[in-house]
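Peer 1:
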Amino acid sequence: LTAGDDATAARSRETADVLDAARLNVARVMERATKEAAELLAAAEHEAQEKAAQQSTAALAAAEAHAKEMLDGAEAELAQVTARLEQGRAELAELTALRETLRTQFSDTRAQLAAIEATMDSAAAAELQDAHG
Numbered sequence: 342l343t344a345g346d347d348a349t350a351a352r353s354r355e356t357a358d359v360l361d362a363a364r365l366n367v368a369r370v371m372e373r374a375t376k377e378a379a380e381l382l383a384a385a386e387h388e389a390q391e392k393a394a395q396q397s398t399a400a401l402a403a404a405e406a407h408a409k410e411m412l413d414g415a416e417a418e419l420a421q422v423t424a425r426l427e428q429g430r431a432e433l434a435e436l437t438a439l440r441e442t443l444r445t446q447f448s449d450t451r452a453q454l455a456a457i458e459a460t461m462d463s464a465a466a467a468e469l470q471d472a473h474g
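Numbers in the working numbering are just positions in the sequence shown, counted from 1, shifted up by 341.
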């Protein structure tokens, strides 16, 4: 009974630790994605503004094209980070479901062990009564 409880409790703790780590990773990815996107957008806008102020209409068109490329790159990177975030959320959901399954299995095992113990106690009492009776 104790070894099973210990193993189930350890597994439950491990699952909780994995869930906590996944939550932390999701938060980090979201924070990093937001920061990177803001930096990339700010850099693209700043570069586009400087070039527009210093160059002719043709140079301005080139700067705008470059800014669009940078923005497209930032959007693509944001899409990748968002995909990683969604994957992290899916993994978190799977781990949460696993934790609930383990909890249910643990409760079921406890109930089964209690039933076995009651049966053994009943059998021992019957043997004792037969021996005296």
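Beta carbons: idealized from backbone N, C-alpha and C, even for Gly.
#1: Can you give me the C-alpha to C-alpha distance between Leu-412 and Leu-382, rounded to a whole angstrom?
#2: Measuring straight from C-alpha to C-alpha, what distance separates Ala-350 and Ala-431?
#3: Just to confirm, is the Cβ distance from Gly-429 to Val-359 under 7 Å?
#4: Can you check whether the CB of Ala-363 is closer than 7 Å to the CB of Leu-426?
#5: Return yes when the Cβ of Ala-404 is within less than 7 Å of the Cβ of Ala-394, no when it is not.
#6: How would you call Ala-385, buried or exposed, if buried means at least 16 neighbouring beta carbons within 10 angstroms?
#7: What is the C-beta distance between Arg-451 and Ser-353, in whole angstroms, given that I count them as a contact (C-beta under 8 Å)?
#8: Count the other C-beta atoms from every protein chain shown that fall within 10 angstroms of the C-beta of Ala-465, then say buried if there are 16 or more, exposed otherwise.
#9: When the Cα atoms are used, what is the spatial distance from Thr-375 to Glu-391?
#10: Assign Ala-379 to one of two classes, buried (16 or more other C-beta atoms within 10 Å of its C-beta) or exposed (fewer than that).
Peer 2: On the basis of the coordinates in this document:
#1: Stepping through the sequence shown from its first residue, residue 412 is reached at position 71. Stepping through the sequence shown from its first residue, residue 382 is reached at position 41. Going from the Cα of Leu-412 to the Cα of Leu-382 covers about 6 Å.
#2: Position 9 of the sequence shown, counted from the start, is the residue given in the question as residue 350. Position 90 of the sequence shown, counted from the start, is the residue given in the question as residue 431. Taking the straight line from one Cα to the other gives about 24 Å.
#3: Stepping through the sequence shown from its first residue, residue 429 is reached at position 88. Stepping through the sequence shown from its first residue, residue 359 is reached at position 18. No; because the gap between Cβ atoms is not below 7 Å, this pair is not in contact.
#4: Here residue 426 is taken as the residue at index 85 of the sequence shown, counted from 1. Here residue 363 is taken as the residue at index 22 of the sequence shown, counted from 1. Result no, Cβ atoms of Leu-426 and Ala-363 do not sit closer than 7 Å.
#5: Taking the first residue of the sequence shown as position 1, residue 394 is located at position 53. Taking the first residue of the sequence shown as position 1, residue 404 is located at position 63. Going by C-beta atoms, Ala-394 is not nearer than 7 Å to Ala-404.
#6: Your numbering for residue 385 matches position 44 in the sequence shown. Buried, by the Cβ-count rule.
#7: Numbered from its first residue, the sequence shown carries residue 451 at position 110. Numbered from its first residue, the sequence shown carries residue 353 at position 12. 13 Å between Cβ atoms; not a contact.
#8: As a first step, residue 465 is located in the sequence shown; it is residue number 124 there, counting from the start. Exposed, since its Cβ has fewer than 16 Cβ neighbours within 10 Å.
#9: Walking along the sequence shown from the start, residue 375 turns up at place 34. Walking along the sequence shown from the start, residue 391 turns up at place 50. Each residue's alpha carbon lies about 24 Å from the other.
#10: Taking the first residue of the sequence shown as position 1, residue 379 is located at position 38. Flag for Ala-379 reads exposed.
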